[in-house]
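Novice:
There are 2 protein chains.
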Amino acid sequence: MRLATVNDRLVLVSEDAQTCVPAQSVSLLAALRGGSYAPDGDALALDPAQCAAPLPVSHTFLDGSAYVNHVDLVRRARGAEMPERFWTDPLMYQGCAVFEAPNAPILADPAWGTDFEAELAVITGDVPCGASPEEGAAAIRFVTVLNDISLRALIPDELSKGFGFVQSKPPSACAPFAVSPEALPGWDGARLHGTMCIDLNGKPFGRVQTGEGMTFDFGQLVAHAAKTRALPAGTVIGSGTVSNRDAQGGPGQPVADGGLGYACIAEQRTVETLAHGGPRTPFLTEGDQVTIWFEDTEGNRPFGDISQTVKHRAGHD
Amino acid sequence: MRLATVNDRLVLVSEDAQTCVPAQSVSLLAALRGGSYAPDGDALALDPAQCAAPLPVSHTFLDGSAYVNHVDLVRRARGAEMPERFWTDPLMYQGCAVFEAPNAPILADPAWGTDFEAELAVITGDVPCGASPEEGAAAIRFVTVLNDISLRALIPDELSKGFGFVQSKPPSACAPFAVSPEALPGWDGARLHGTMCIDLNGKPFGRVQTGEGMTFDFGQLVAHAAKTRALPAGTVIGSGTVSNRDAQGGPGQPVADGGLGYACIAEQRTVETLAHGGPRTPFLTEGDQVTIWFEDTEGNRPFGDISQTVKHRAGHD
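Chains as they are written, first to last, in full-length UniProt numbering: chain A, 1 to 317; chain B, 1 to 317.
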């Protein structure tokens, strides 16, 4: 099953993604809360440019950082050591549960050091407090892709206060489609195998393997989130930036240098700093175009494309 | 205007809180998004025990820590220094936007060190990105009271990871009523003056002045939250635990010793530790009863009572 939200209405997406049919439940949240996914109306042409996020507003977004290689690299970039326990105890923060459309502009202030982060996310049904990783995995209803916009220049100062991200993580954008696990050929029950593809200004920036380097699977992330609370249906759990080590255990290479590249600019800057003594790739500036899609093990793009253009944030005066 | 949610339905509460009338909009979120607060039906008897939180589920809960005295005290309790900048740069974390009913049980594991935190919260209309504190204050539509349940034994470990609270801050409970600022005699445009009252097992625990010691007002907290994102209507912004210094600038005294007491157990334990070398008040255990209400400058309880009993969390096996 593949779903989208068009004109504030939940729709079922056809196999070729050319048409859609309204679902009986008006929203994905209502459907997840016991509503119906049954088709209810005539088929319509589907224009991905008209898609909102499949779940435009939820109540809970808990974003993990399951690809620990990413944590290691971005910490190195800001001169912070990564504690050994991060390999056994998942990092997770409460994020903004408002999700932007796949083609929403990225409004950025040049002083913020705006970056993308391509990640997978799952949307759960009801999860009881204290659920096990197996119960967590079984509660996953849909998978999608997020661009977790990160304001790198604001992060060190905000994290040093110890309360996590607020200003430095504005709303994420979401791919147009949410897909149920059984419709995803690379789903192994708790991880999704395939390639997270990122193009920056039309050039390949990342071709990162989502099934590799995911230290904590989605079942473990859901269980971590549910340790002291029940998670209501519609909870979104993010994987954190997809990130791979290379065959030698190192941080890999940019695509331009023959590597798999990265799912955020910060990692590439760290690698450039390690290699050349300083970063060479700037953070996002006005006019930059970011395209993110997931390619499955059969070469398809089940979630459609996130395609965003960076706009200078107008002053508010 | 005073609102509640009864049987999944937004209702207007009468002046004496004995009756209510359904509102045209089904939910507070719908009303805030441009719906109607107009009465739509017959008056019904209002039983506060039937009230859910006035806004049972939102998309965004950003909890400040505006009473900096609280931060100073709980940090001292865990041997952590408070940076000087906390007096000028608001602390804020992204919290769980699911709100429990005023009489929901507090499900606690004895190992978690469960505590209450009585705080004020505001519910906003739409706030543009980059709003000023004045614009932030003007966007406040309703005020209410929260009990921000805090699992003290989990906090140091979780905060040391640097990503803020997830497991250590399960959903907050909310008072039965949300009240518009113009109906609150102690509202000064950005702060609410009155007394936050907390009884533990029927004995006064706190009688803390909400208009004093609030280093950052609600306008400043809303502006902080809106620095890099628009806040959609229905955003909840918390004040953090209400906390007063005494006349000498010290941490005050428990009610039993003639002071104003505290709005959480952690502060009282810190003061006990400073005075006696160790804490004397245990965290919450099964059967404990916590009652929280706000008394306004005219001696009324505009938000009604939060009244919760602690239950041992059953194992999930």
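A virtual CB, placed ideally from N, CA and C, is assigned to each residue, including glycine. Being a predicted model, the structure only gives us computed values, none of them experimental.
Mind pulling the chain A residues with CB within less than 9 Å of residue 112 of chain B?
Specialist: Numbered from its first residue, the second sequence carries residue 112 of chain B at position 112. Near residue 112 of chain B (Cβ distances below 9 Å), the residues of chain A are 228.
Novice: On the three-pair Cβ rule with 8 Å, is the stretch 229–239 of chain B touching the stretch 290–305 of chain B?
Specialist: As far as the Cβ criterion goes, the stretch 229–239 of chain B does not touch the stretch 290–305 of chain B, which means the pair count is below three.
Novice: Along the alpha helix (DSSP H) that carries residue 191 of chain A, what are the first and last residues, could you check?
Specialist: As a working note, residue 191 of chain A is residue 191 in the first sequence. Element bounds for residue 191 of chain A: n/a, residue is neither H nor E.
Novice: What does residue 79 of chain A reach in chain B if we use C-beta pairs closer than 8 Å?
Specialist: For the purposes of this step, residue 79 of chain A is taken as residue 79 along the first sequence, with counting starting at 1. Those do not exist, as residue 79 of chain A stays about 14 Å from chain B at its closest Cβ, beyond 8 Å.
Novice: Quick check: is the beta carbon of residue 311 of chain A nearer than 7 Å to any beta carbon in chain B?
Specialist: On the first sequence, position 311 is the one that residue 311 of chain A refers to. By this cut-off, residue 311 of chain A is not an interface position.
Novice: Quick check: is the beta carbon of residue 170 of chain A nearer than 7 Å to any beta carbon in chain B?
Specialist: Residue 170 of chain A sits at position 170 when you count from the first residue of the first sequence. For residue 170 of chain A, the answer is yes, since a Cβ of chain B falls inside 7 Å of its Cβ.
Novice: Within the present structure, is the beta-carbon of residue 219 of chain B separated from the nearest heavy atom of the ligand FMN by less than 6 Å?
Specialist: With respect to small molecules bound, the structure shown includes none, and the ligand FMN cannot be examined in it.
Novice: Suppose you measure from the CA of residue 329 of chain B to the CA of residue 286 of chain B; what does that come to, to the nearest Å?
Specialist: Residue 329 of chain B is absent from the structure shown; chain B starts at 1 and stops at 317.
Novice: Around the C-beta of residue 88 of chain B, are 16 or more other C-beta atoms found within 10 angstroms, so that it is buried, or is it exposed?
Specialist: On the second sequence, residue 88 of chain B is found 88 positions in, with the first residue counted as 1. With fewer than 16 other Cβ atoms from the protein chains shown falling within 10 Å of its own Cβ, residue 88 of chain B counts as exposed.
Novice: Spatial neighbours of residue 254 of chain B within its chain, please: CB distance less than 6 Å, with the 5 preceding and 5 following residues excluded, ordered by chain position.
Specialist: Counted from its first residue, the second sequence places residue 254 of chain B at position 254. 261, 268, listed in sequence order.
Novice: Excluding five sequence neighbours on each side, which residues of the same chain lie with their C-beta closer than 7 Å to the C-beta of residue 219 of chain B?
Specialist: Along the second sequence, one-based indexing puts residue 219 of chain B at 219. Once the five neighbours on either side are set aside, the close Cβ partners of residue 219 of chain B are 133, 134, 136, 137, 190.
Novice: On the criterion of 16 or more Cβ atoms from any shown chain inside 10 Å, does residue 16 of chain B qualify as buried, or is it exposed?
Specialist: Position 16 of the second sequence, counted from the start, is the residue given in the question as residue 16 of chain B. Exposed: under 16 other Cβ atoms inside 10 Å.
Novice: List the DSSP bridge partners of residue 116 of chain A.
Specialist: Here residue 116 of chain A refers to the residue found at position 116 when the first sequence is read from its first residue. None; residue 116 of chain A has no bridge partner.
Novice: Residues of chain B with CB under 7 Å from residue 92 of chain A, in chain order?
Specialist: By one-based count along the first sequence, residue 92 of chain A stands at place 92. Neighbours of residue 92 of chain A on chain B, chain order: 163, 166.
Novice: Provide the residue span of the beta strand (DSSP E) that contains residue 149 of chain B, from first to last.
Specialist: By 1-based counting over the second sequence, the position of residue 149 of chain B is 149. No beta strand (DSSP E) holds residue 149 of chain B; DSSP gives it neither H nor E.
Novice: Count the other CB atoms within 10 Å of the CB of residue 224 of chain A; is the residue buried (16 or more) or exposed (fewer)?
Specialist: Indexing the first sequence from 1 puts residue 224 of chain A at position 224. With 16 or more Cβ atoms within 10 Å of its Cβ, residue 224 of chain A is classed as buried.
Novice: Could you check where the alpha helix (DSSP H) with residue 220 of chain B kicks off and where it finishes?
Specialist: Translated into the one-based positions of the second sequence, residue 220 of chain B becomes position 220. 218–225 is the extent of the alpha helix (DSSP H) around residue 220 of chain B.
Novice: Going along chain A, which residues have a C-beta under 8 Å from residue 232 of chain B?
Specialist: As a first step, residue 232 of chain B must be located in the second sequence, where it is residue number 232. Within chain A, the residues near residue 232 of chain B are 57, 98.
Novice: With burial defined as no fewer than 16 other Cβ atoms inside 10 Å of the residue's Cβ, what is the status of residue 312 of chain A: buried or exposed?
Specialist: Position 312 of the first sequence holds residue 312 of chain A. Around the Cβ of residue 312 of chain A, a 10 Å sphere holds fewer than 16 other Cβ atoms; the residue is exposed.
Novice: Hey, is residue 159 of chain A's beta-carbon within less than 7 Å of any beta-carbon in chain B?
Specialist: To locate residue 159 of chain A, count along the first sequence from 1; it is residue 159. Look at residue 159 of chain A: its C-beta is under 7 Å from a C-beta on chain B.
Novice: Quick check on the burial criterion: 16 or more other C-beta atoms within 10 angstroms. Buried or exposed for residue 316 of chain A?
Specialist: Taking the first sequence and counting its residues from 1, the one referred to as residue 316 of chain A is at position 316. Any reading at residue 316 of chain A is ruled out, since the residue's pLDDT is 47, under 50, leaving its predicted position unreliable.
Novice: Given that a residue counts as buried once 16 or more other Cβ atoms are within 10 Å of its Cβ, and exposed if not, what is residue 276 of chain A?
Specialist: Numbered from its first residue, the first sequence carries residue 276 of chain A at position 276. Classification of residue 276 of chain A: exposed, given that the 10 Å Cβ count is below 16.
Novice: Going along chain A in order, which residues have a C-beta closer than 7 Å to the C-beta of residue 225 of chain B?
Specialist: Counting from 1 along the second sequence, the entry for residue 225 of chain B is found at position 225. Within chain A, the C-beta atoms nearer than 7 Å to that of residue 225 of chain B come from 166, in chain order.
Novice: According to DSSP, which residues form a beta bridge with residue 124 of chain A?
Specialist: Taking the first residue of the first sequence as position 1, residue 124 of chain A is located at position 124. A:140.
Novice: In the DSSP assignment, what are the bridge partners of residue 325 of chain A?
Specialist: There is no way to answer for residue 325 of chain A, as the model of chain A reaches only from 1 to 317.
Novice: When the distance is taken between beta carbons, is residue 266 of chain A closer than 7 Å to residue 115 of chain A?
Specialist: Here the question's residue 115 of chain A lines up with position 115 in the first sequence. Here the question's residue 266 of chain A lines up with position 266 in the first sequence. Annotated as proximal: residue 115 of chain A and residue 266 of chain A, with beta-carbon spacing under 7 Å.
Novice: State buried or exposed for residue 169 of chain B, treating a residue as buried only when at least 16 other CB atoms are found within 10 Å of its CB.
Specialist: Taking the first residue of the second sequence as 1, we reach residue 169 of chain B at position 169. Result: buried.
Novice: Count the other CB atoms, across all protein chains shown, that sit within 10 Å of the CB of residue 226 of chain A; report buried if there are 16 or more and exposed otherwise.
Specialist: Taking the first residue of the first sequence as 1, we reach residue 226 of chain A at position 226. Taking a 10 Å sphere around the C-beta of residue 226 of chain A, we find 16 or more other C-beta atoms and assign the residue as buried.
Novice: Does DSSP put residue 275 of chain A in a helix, in a strand, or in coil?
Specialist: Sequence index remark: in the first sequence, residue 275 of chain A carries index 275 (1-based). DSSP places residue 275 of chain A in helix when its eight states are reduced to three.
Novice: Rounded to a whole number of angstroms, what is the C-alpha to C-alpha distance between residue 259 of chain B and residue 297 of chain B?
Specialist: Locating residue 259 of chain B in the second sequence gives position 259, counting from the first residue. Locating residue 297 of chain B in the second sequence gives position 297, counting from the first residue. Using only the alpha carbons, I get a separation of about 19 Å.
Novice: In the DSSP assignment, the beta strand (DSSP E) including residue 31 of chain A goes from what residue to what residue?
Specialist: Within the first sequence, residue 31 of chain A is the residue found at index 31, counting from 1. Not the beta strand (DSSP E): residue 31 of chain A falls in the alpha helix (DSSP H), residues 28–32.
Novice: Quick one: grab the DSSP three-state call for residue 94 of chain A.
Specialist: Translated into positions along the first sequence, residue 94 of chain A becomes position 94. Three-state DSSP puts residue 94 of chain A in a strand.
Novice: Could you name the residues of chain B that residue 60 of chain A contacts, counting a contact when the two beta carbons are closer than 8 Å?
Specialist: As a working mapping, residue 60 of chain A is identified with position 60 in the first sequence. Ordered by position in chain B, the residues that pass the 8 Å Cβ test against residue 60 of chain A are 96, 97, 98.
Novice: I'd like to check one pair, residue 10 of chain B with residue 32 of chain B: are the Cβ atoms closer than 7 Å?
Specialist: As a first step, residue 32 of chain B must be located in the second sequence, where it is residue number 32. As a first step, residue 10 of chain B must be located in the second sequence, where it is residue number 10. Going by beta carbons, residue 32 of chain B and residue 10 of chain B fall outside the 7 Å limit.
Novice: How would you list, in chain order, the residues of chain A whose beta-carbon sits under 8 Å from the beta-carbon of residue 32 of chain B?
Specialist: The residue you call residue 32 of chain B lines up with position 32 of the second sequence. Chain A residues near residue 32 of chain B: none, gap ~13 Å exceeds 8 Å.
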